[in-house]
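Have a look at the structure below before the remarks.
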Amino acid sequence: MTTLDHPSISKLAAALREAGMSEAADGIRILDDEVRTAAAAAQALGVEVGAIANSLVFRATYGDEVRPLLVLTSGAHRADTAVLAKLTGADEIGKADPAFVREHTGQAIGGVAPVGHPHRLHTIVDKDLARYEVVWAAAGHPKSVFPTTCAELLVLTGGTATDVAG
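With this note's numbering, you'll find the sequence shown wraps up at 196, consecutive numbering, no jumps.
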């Protein structure tokens with residue numbers, strides 16, 4: 031099996047095509063090395079780090095219930111968990127461990143795509159991504175990325191655009 035045939039990449043490509051984004055699906059790139067950070071992805075692609083849409087999964091706590099929160103943030107800055115808690119009404123926003131991420135996305139940290147998960151995730155999209163004509167998001171595997179736009183990410187995920195850095 032080639033990396034392009036990886037099940038997580040195939041799920042993402044199918045989700046993109048279903049959303050009418052065949053151009054993005056056809057633009058999936060397999061890189062030579064894993065790019066688990068925005069800086070590594072930017073270097074591999076020759077783009078500004080801010081044009082990388084980091085897929086960050088957090089544990090959002092609402093009383094006794096814990097739910098995943100997907101934040102697509104510009105690689106140029108960090109998401110502020112206090113801001114995220116206020117935006118979502120969560121009691122607490124915390125870091126998700128690799129098992130939690132895989133359970134809710136079916137994907138490994140460093141390759142989490144915006145969609146293609148077992149269930150749709152509550153998603154927040156960093157409004158700073160709109161500054162870039164093209165942004166690059168993970169395609170379901172740490173060696174894969176695809177080109178998109180902030181507007182497409184919002185439509186694709188059903189997410190909300192806002193300032194996530196505080």
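Backbone N, C-alpha and C define an ideal beta-carbon position, used for all residues, glycine too.
Where do the N-terminal and C-terminal ends of the beta strand (DSSP E) with residue i fall, by residue?
i	result
Glu163	From DSSP, Glu163 is part of no beta strand (DSSP E); its letter is neither H nor E.
Thr190	Thr190 to Thr192
Leu86	Ile82 to Tyr92
Glu95	Glu95 to Ser104
What is the C-beta distance between residue i and residue j, in whole angstroms, given that I count them as a contact (C-beta under 8 Å)?
i	j	result
Thr153	Thr187	4 Å
Ala72	Gly105	6 Å
Leu100	Leu151	4 Å
Gly57	Pro177	5 Å
According to DSSP, simplified to helix, strand and coil, what is residue i?
i	result
His36	coil
Lys125	strand
Arg47	helix
Pro177	strand
Met31	Residue confidence is low: Met31 scores 47 on pLDDT, short of 50, so the model does not pin down where it sits. Its coordinate-derived value is still stated next. Looking at Met31 - three-state DSSP - the assignment turns out to be coil, as it is neither helix nor strand.
Val155	strand
Ala72	helix
Measure the alpha-carbon distance for residue i versus residue j and round it to whole angstroms.
i	j	result
Val113	Ala43	32 Å
Asp62	Gly140	15 Å
Arg47	Ser40	11 Å
Pro128	Arg89	11 Å
Pro148	Ser85	16 Å
Asp121	Ala45	32 Å
Gly76	Asp94	44 Å
Arg59	Trp166	10 Å
Lys157	Met51	21 Å
Glu182	Arg161	13 Å
Tell me where the alpha helix (DSSP H) around residue i begins and ends.
i	result
Leu117	Thr111 to Thr118
Asp63	Here Asp63 belongs to no alpha helix (DSSP H), and DSSP marks it neither H nor E.
Glu53	Ser52 to Asp56
Who are the Cβ neighbours of residue i in its own chain at under 6 Å, not counting the five residues just before and after it?
i	result
Ala143	Leu42, Ala168, Ala169 and Gly170
Ala126	Val87, Phe88 and Arg89
Val65	Ala71 and Ala74
Ile82	Ala68, Ala71, Ala72, Gly105 and Trp166
For residue i, collect the residues of the same chain with a Cβ closer than 8 Å to its Cβ; drop the 5 residues on either side in sequence, then sort them by chain order.
i	result
Arg108	Ala195
Identify, in the order they occur along the chain, each residue of the same chain with its Cβ nearer than 7 Å to the Cβ of residue i, setting aside the five sequence neighbours on each side.
i	result
Gly146	Ser38, Lys41, Leu42, Ala45 and Gly170
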